[in-house]
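Undergrad: Residue numbers (my numbering): 21 to 132. Below you'll find the structure I mean.
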């Protein structure tokens, strides 16, 4: 499944404009394919919000990372550079995505 075929509950055009979508959408695909990536760890960290939104529907069963925070840090450390700074930056981006997702769902629920 690609961003263009996300479930109707939240359309791909809306989601693709959210801050952090460039991490979350590939992360969903990575999890569906069983790939352990930075993006897959981020999606696993946001699992409750993503599942509640219906964003994960339509993908093959997602194999979430069991300890995503620690795994993310380990992957970042393996890449070199400043893993602490990158971890915090990615976490902030993910929180922004989750907020945008919740706001959109809340607005849609009020309109219903």
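Think of the CB as a built atom: it goes at the ideal place given N, C-alpha and C, for glycine as much as any other residue.
With distances taken from CA atoms, which of 128, 112 and 126 is nearest residue 39?
TA: With distances taken between Cα atoms, residue 39 lies closest to 112.
Undergrad: If you draw a straight line from the alpha carbon of residue 129 to that of residue 106, how long is it in whole angstroms?
TA: Cα-Cα distance, rounded: 35 angstroms.
Undergrad: Quick one: residues in its chain with C-beta nearer than 7 angstroms to the C-beta of residue 28, no 5 flanking neighbours on either side, listed in chain order?
TA: Its pLDDT being 42, under 50, residue 28 is placed unreliably in this model, and the coordinates cannot settle the point.
Undergrad: If we ignore side chains and look at the alpha-carbon of each, how far apart do residue 92 and residue 86 end up?
TA: Residue 92 and residue 86: Cα-Cα distance of roughly 11 angstroms.
Undergrad: Just to confirm my understanding: we take residue 61, look at its own chain, exclude 5 residues before and 5 after, and list those with CB closer than 6 angstroms. What are they?
TA: The residues are 85, 88, 91 and 92.
Undergrad: In terms of alpha-carbon separation, which member of 55, 127, 116 and 41 lies closest to residue 75?
TA: Taking only the C-alpha atoms, the option nearest residue 75 is 41.
Undergrad: Quick one: grab the DSSP three-state call for residue 95.
TA: Three-state result, residue 95: helix.
Undergrad: Go ahead and pull the three-state DSSP assignment for residue 55.
TA: Residue 55 falls in the coil class under three-state DSSP.
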